[in-house]
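Asks: Have a look at the structure that comes next, please.
In my numbering, the protein residues as written are 285 to 603.
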């Protein structure tokens, strides 16, 4: 029995125009003689609404998302707990979930993965009931997310400028964290709760996180001197954060985060304001996603990582 597809495309994500996206999708399905409906989003919330309507009608077996992590989050939120599978054609700037799943960034190759039909049952998590599939964060990463959302310019260089600008004035906040196994308080630069391994662009905040283990990986980045920010960035992209004394990691099925004031947060990179208490919970194997197979983490930049670490360690001693 042939599968019935709905494709939801965000024409603003990436560089492809709406016409090019449409032509590409139609061509792929015509060649395979498979049924598909194509819908374009016009604004925030459209992707989730389209997906919810499709699930309620029972008209599709799978939904393909063409977009970045924000669009993926919307569609995935509608599919959790259903039998409808999700395919991802990554076209955003970070593509965190797609990269974790080992999906090709080339759209044709990514389509092939979906149409080949292999899927896995993935976990997802909620923060005060709001779903996320890659990462949740409070702290500096959330501040950057909020600031970047107000920028007219997009892209990696614009994002880097925001990081540099915000790092000059950001003051770490104190958090109280409770899990079934431990309680602690920290004045942290970043407090990240991860369902998958990375923010996107191969920036690994939880290198060994798994989408299928029923656990959330918690990474605490403690405060340090100004050079630590540079070192932290290197550790993210090499995947060697476990060797950095500023990082603490643990795992839990649920946790509570408390602070003395409202918290700037993000869900899969999208800015969200949270109250003084946040309840986070993992929901095991609740989302079916097409993939090439969840890959084993392999750090990048391995040949130069040791040298970079030594340079940063030497410089840090001067402060």
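We treat Cβ as the ideally placed atom computed from N, Cα and C, and that holds for glycine. Fair warning: this is a prediction, and the values are worked out from it, not measured in the lab.
When DSSP labels each residue in this structure, what does residue 287 get in the three-state scheme?
Replies: Note: residue 287 maps to coil in three-state DSSP.
Asks: Where residue 431 and residue 407 are concerned, what is the direct C-alpha to C-alpha distance, given to the nearest angstrom?
Replies: Cα-Cα distance, rounded: 29 Å.
Asks: Across the stretch 314 to 334 and the stretch 343 to 357, are there enough close Cβ pairs to call them in contact, namely three or more that are closer than 8 Å?
Replies: Segments in contact, yes.
Asks: So the alpha helix (DSSP H) residue 398 belongs to, where does it begin and stop?
Replies: It spans 391 to 400 - the alpha helix (DSSP H) in which residue 398 sits, taken as one unbroken run.
Asks: What is the C-beta distance between residue 369 and residue 346, in whole angstroms, given that I count them as a contact (C-beta under 8 Å)?
Replies: That pair is a contact at about 4 Å.
Asks: Give the DSSP-derived three-state secondary structure of residue 306 in the structure shown.
Replies: Looking at residue 306 - three-state DSSP - the assignment turns out to be helix.
Asks: Flag this pair as yes or no: are the beta carbons of residue 379 and residue 484 separated by less than 7 Å?
Replies: Yes; because the gap between Cβ atoms is below 7 Å, this pair is in contact.
Asks: Provide the residue span of the beta strand (DSSP E) that contains residue 477, from first to last.
Replies: Segment 467 to 478, the beta strand (DSSP E) holding residue 477.
Asks: Here's the rule I'm using: 16 or more other beta-carbon atoms within 10 Å means buried, otherwise exposed. How should residue 468 be labelled?
Replies: When all chains shown are included, residue 468 counts as exposed.
Asks: Taking the continuous beta strand (DSSP E) assigned at residue 323, which residues delimit it?
Replies: Residue 323 -> beta strand (DSSP E) spans 320 to 324.
Asks: Would you give the residue range spanned by the alpha helix (DSSP H) that residue 354 belongs to?
Replies: First-last of the alpha helix (DSSP H) with residue 354: 353 to 363.
Asks: Taking just the CA atoms, how far does residue 327 sit from residue 450?
Replies: Those two C-alpha atoms are separated by around 28 Å.
Asks: Thinking C-beta only, is residue 403 closer than 7 Å to residue 555?
Replies: No, Cβ-Cβ distance for residue 555 and residue 403 is not below 7 Å.
Asks: Count the CB pairs spanning the stretch 441 to 450 and the stretch 381 to 401 that are closer than 8 Å, and state whether there are at least three.
Replies: Counting Cβ pairs under 8 Å, fewer than three are found: no touch.
Asks: Please classify residue 570: does DSSP put it in a helix, a strand, or coil?
Replies: The answer is strand: DSSP assigns residue 570 an E or B state.
Asks: How is residue 494 classed by DSSP in three states: helix, strand or coil?
Replies: Coil, per DSSP.
Asks: If distances are taken between C-alpha atoms only, which option among 497, 470, 472 comes closest to residue 481?
Replies: Among 497, 470, 472, the Cα nearest to that of residue 481 is on 497.
Asks: Cα-Cα, which of 433, 423, 459 is closest to residue 453?
Replies: Checking every option, the nearest Cα to that of residue 453 belongs to 423.
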